[in-house]
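These notes concern the structure reproduced below.
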Amino acid sequence: MRTAINSAHSRASGNPGEASTVAPGSPPEPVLGQREAQTRARGRADEVVVADVALTADAAGALYWPQEGLLIVADLHLEKGSSFAQRGVLLPPYDTAATLARLAQLVARYVPRCVIALGDSFHDGGGPARLGDADREQLRLLQKQRDWIWITGNHDPEPAANIGGTFGGALAIGALTFRHIPSGETGEVAGHLHPVARIAHRGRAVSRRCFAASDRCLVMPAFGAYAGGLNVRDAAFADVFGTLAFTAHMLGDARVHAFAARHCISD
Ligand SMILES: [Mn+2]
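Structure, rendered in structure tokens:
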């Protein structure tokens, strides 16, 4: 870990010698070379331990708790496109389908006993009613033969009709507590902040969504196609983690890449 942190620090400082050792890679994959070789060798790049609970941080932006068969996603912001359209801002209206398709891949991969959507699942209170028929059917299929829990968020504070599942403000399971807005309490898994980490890679700054985690609590990346992001160096993360060191587990194309948050770049 020390070596990994030092490596990240060298790149953040723009050390050209360090950059020249980085293996060639396509631009969308930001964190390659020596660092990745190390994480591959350990084979644990995607394990995150929070309050002594071992969780899998999937590069698609979801968390899986193998012991409980629990898949967690945060900030889907479904129907954000149609929400903007109502206000005259036109975006391609396929964000809900794209987000649900990515979620379907995860459900197929993990076959979870239960899915928790960690709040701001819909961009606004009218979102569930605007769901298209195909998207509603996709959601119904995803919920088939498993529990589905909608944690309420600030964008979707009220339970909604015709979207299945059960609703709650927070959920405690074993040592973990799932809620939308992070408070930093031990064992908390939250969303809301949409963490993004920025690092220097081969002389360029690269930003990716990330899990932000200490050994006590974790903030999930936003899963929604149109969800924005907040740099992990923002004061909002210091409010959550306090003086504790925390790690940005950046979403790469195939796996997550861990960097000490203090070595990430501000916007
Ligand atoms: Mn929120």
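Numbering-wise (the numbering used here), the sequence shown opens with residue 979 and increments by one. Just so it is clear, CB atoms sit at the ideal spot from N, CA and C, and this is done for glycine as well.
(Q) Quick check: what's the CA-CA separation for THR1164 versus ALA1052? (A) Computed Cα separation, rounded: 19 Å.
Q) Whose C-beta lies closer than 6 Å to the C-beta of ASP1073 among residues of the same chain, with five residues either side of it excluded? A) LYS1058, GLY1059, ALA1203 and TYR1204
Q) Per DSSP, what kind of secondary structure is ASP1036 in: helix, strand or coil? A) coil
Q) Does DSSP put LEU1109 in a helix, a strand or coil? A) coil
(Q) With a threshold of 8 Å (Cβ to nearest heavy atom), would ASN1132 be considered close to ligand 1? (A) yes
Q) Quick one: is PRO1006 buried, meaning 16 or more other Cβ sit within 10 Å of its Cβ, or exposed? A) At PRO1006, the pLDDT of 38 sits below 50, so the modelled position is not reliable; the number obtained from the coordinates is stated separately. By the Cβ-count criterion, PRO1006 is exposed, with fewer than 16 other Cβ atoms from all chains shown falling within 10 Å of its own Cβ.
Q) ALA1190 and THR1155: beta carbons closer than 9 Å? A) Not closer than 9 Å, so no.
Q) In the structure shown, what three-state DSSP assignment does HIS1218 receive? A) At residue 1218 the sequence reads Val, which differs from the His that was named. VAL1218: helix per DSSP, three-state reduction.
Q) Cβ of ILE1159 within 8 Å of any heavy atom in ligand 1? A) Under cutoff, so the answer is yes.
**Q.** Cβ neighbour criterion (16 or more within 10 Å) applied to GLU1166
**A.** buried
Q. Within this structure, are the beta carbons of HIS1158 and ILE1129 separated by less than 9 Å?
A. yes
Q: Enumerate in chain order the residues of its own chain whose CB-to-CB distance from ALA1015 is below 8 Å, with the five nearest sequence positions on each side excluded.
A: Its pLDDT being 44, under 50, ALA1015 is placed unreliably in this model, and the coordinates cannot settle the point.
Q: Using the Cα positions of GLY1230 and GLY1039, report the straight-line distance between them to the nearest angstrom.
A: 10 Å
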